[in-house]
Amino acid sequence: MAKVLVDTCVIIDILLNRQKFVDDSYNAVSSLIRQGDTVCTTAKAMTDIFYIVHHSLHDNDKTKEVLLKLSRVYQILDTKEKDTLRAITSDVADYEDAVMVETAISNKVDFILTRNIKDYRKAKIKIVSPADL
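Everything in the sequence shown is counted per the UniProt record's numbering, starting at 1 for the first residue and increasing by one.
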């Protein structure tokens, strides 16, 4: 069984039914869950998801319910100080992406599932797109 960090974009594809991406994203995450893999997100991603979903729903209680449902499916990974510091010197150009990579590595994640493969070219962890899973 694998431990997989699911990027925010993939979760948002599913939650907001983004037509161009929802099928691949939903099928990939569903497949991981059916196989018994552990799907994860980060604490920071949860705040981003709240902001994006709330912008769509315009309702605090409904948005919080979405987060509660996510927390029943996804393991929420902590980002530690060392992850943020390592990200500063990472070969991954975007700092936010570098923090995600370092969080994944320190939490012994097997791979990151993201549509943004190009953003992670220099990551020191396996990167997989939903379409390729």
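By construction, the Cβ of each residue, glycine as well, lies at the ideal position given by its N, Cα and C atoms.
Check: Curious, which full-length beta strand (DSSP E) runs of at least 3 residues does the UniProt domain "PIN" (3-118) contain?
Finding: Segments of the beta strand (DSSP E) lying fully in the UniProt domain "PIN" (3-118): 3-6, 38-42, 75-77 and 111-113.
Item checked: C-alpha gap between ILE33 and ILE52, whole angstroms -> Spanning the alpha carbons of ILE33 and ILE52 requires a straight line of approximately 24 Å.
Item checked: First through last residue of the beta strand (DSSP E) which encompasses LYS126 -> Boundaries of the beta strand (DSSP E) harbouring LYS126: 126-128, taken from the DSSP string.
Next item on the list: May I ask you to report which of helix, strand or coil DSSP gives ALA123?
Entry: In the structure shown, ALA123 sits in coil (DSSP, three-state: anything other than H, G, I, E or B).
Check: For ASN27, which of THR41, LYS44, THR42 and VAL6 has the nearest alpha-carbon?
Finding: Ranking the options by Cα distance to ASN27, first place goes to VAL6.
Notebook entry, point to check: Tell me which same chain residues have a C-beta within less than 6 Å of the C-beta of PHE21, skipping the five on either side of it?
Noted result: So the qualifying residues of the chain are ASP13.
Next item on the list: Could you tell me whether the segment 116-125 touches the segment 30-50, where touching means 3 or more Cβ pairs closer than 8 Å?
Entry: In short, these stretches do not touch, since the Cβ pair count stays below three.
Next item on the list: Report back the beta-carbon spacing between THR41 and TYR74 to the nearest angstrom; my notes put them in contact at under 8 Å.
Entry: So it is a contact: roughly 5 Å between Cβ atoms.
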